[in-house]
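Colleague: Have a look at the structure that comes next, please.
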Amino acid sequence: MDNAHERVNRRLQQLAAAAEPTFWGFLGCEFVDLKDGIITIALEAKPHHLNPIGIVHGGVLSSLLDNAMGIVVMTARPEDKVVTTNLNVHFVAPLYEGRLTVTAELVHQSRKMITTQGRVMDREGNLGTMGTGTFRVI
490 MDNAHERVNR RLQQLAAAAE PTFWGFLGCE FVDLKDGIIT IALEAKPHHL NPIGIVHGGV
550 LSSLLDNAMG IVVMTARPED KVVTTNLNVH FVAPLYEGRL TVTAELVHQS RKMITTQGRV
610 MDREGNLGTM GTGTFRVI
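Position one of the sequence shown corresponds to residue 490 (the working numbering), numbered consecutively onward.
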């Protein structure tokens, strides 16, 4: 018999498969794990993810955070439809080509609003980008 963690991860794999033909797949996101309320997704940053000065484009990093934080919200409120209402992003260090890992977790939720936070790290575990997101239940 499987445990709740395995069931949740299986559900998230199904969500990732359904998202593959959407912006998630276009960007190249992959689901890694959900454990103890923290989602982990990853992206293999390639030349097309970079800006002209050779670092990962801020739009890519913002999208990664929005995706990861949105998944956390979807797992916390599986029966609800939610949309991003605010995305705050802080670019603290440049990120380069290679594997990026994104983690996100809930900070607070009420009946209609949910606040999250997330981080984007390089393969060595260095923080490159952090942010918060607010989502509204519609």
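Using N, Cα and C, we set each Cβ at its ideal position, and we do this for glycine too. Keep in mind the model is a prediction, meaning the values are calculated, not measured.
In whole angstroms, what is the alpha-carbon distance linking residue 625 and residue 579?
Modeller: 22 angstroms
Colleague: In whole angstroms, what separates the C-alpha of residue 585 from that of residue 591?
Modeller: 14 angstroms
Colleague: Report yes if the CB atom of residue 621 is closer than 9 angstroms to the CB atom of residue 575, and no otherwise.
Modeller: yes
Colleague: For the beta strand (DSSP E) that residue 463 lies in, which residues bound it at each end?
Modeller: Residue 463 falls outside the range modelled here, since the chain spans only 490 to 627, and no answer is possible.
Colleague: According to DSSP, simplified to helix, strand and coil, what is residue 531?
Modeller: Residue 531 carries a strand assignment under DSSP once its states are collapsed to helix, strand and coil.
Colleague: Is it buried or exposed for residue 589, if we count other Cβ within 10 angstroms and need 16 for buried?
Modeller: Buried: at least 16 other Cβ atoms inside 10 Å.
Colleague: So, residue 607 versus residue 593, is the Cβ gap smaller than 9 angstroms?
Modeller: yes
Colleague: In angstroms, rounded to a whole number, what distance separates the CA positions of residue 573 and residue 559?
Modeller: Looking at the two C-alpha atoms, the distance is approximately 8 angstroms.
Colleague: Report all residues from its chain with a CB closer than 7 angstroms to the CB of residue 503; omit the five preceding and five following residues, and keep chain order.
Modeller: none
Colleague: Taking residue 616 as part of the alpha helix (DSSP H), name the residues at either end of that continuous run.
Modeller: That residue, residue 616, is in no alpha helix (DSSP H); its beta strand (DSSP E) goes 616-626.
Colleague: I think residue 553 touches residue 596, with their Cβ atoms under 8 angstroms apart; what is that distance to the nearest whole Å?
Modeller: Between residue 596 and residue 553 the Cβ distance is about 18 angstroms, and since that is not below 8 angstroms, they are no contact.
Colleague: Going by CA-CA distance only, name the one from 500, 512, 541 that's closest to residue 521.
Modeller: 500
Colleague: Find out if the Cβ-Cβ distance for the pair residue 605, residue 497 is shorter than 9 angstroms.
Modeller: No, these two residues do not count as a Cβ contact at 9 angstroms.
Colleague: With burial defined as no fewer than 16 other Cβ atoms inside 10 Å of the residue's Cβ, what is the status of residue 490: buried or exposed?
Modeller: Only weak support exists for where residue 490 lies, its pLDDT of 47 falling under 50; the coordinates are left without a value.
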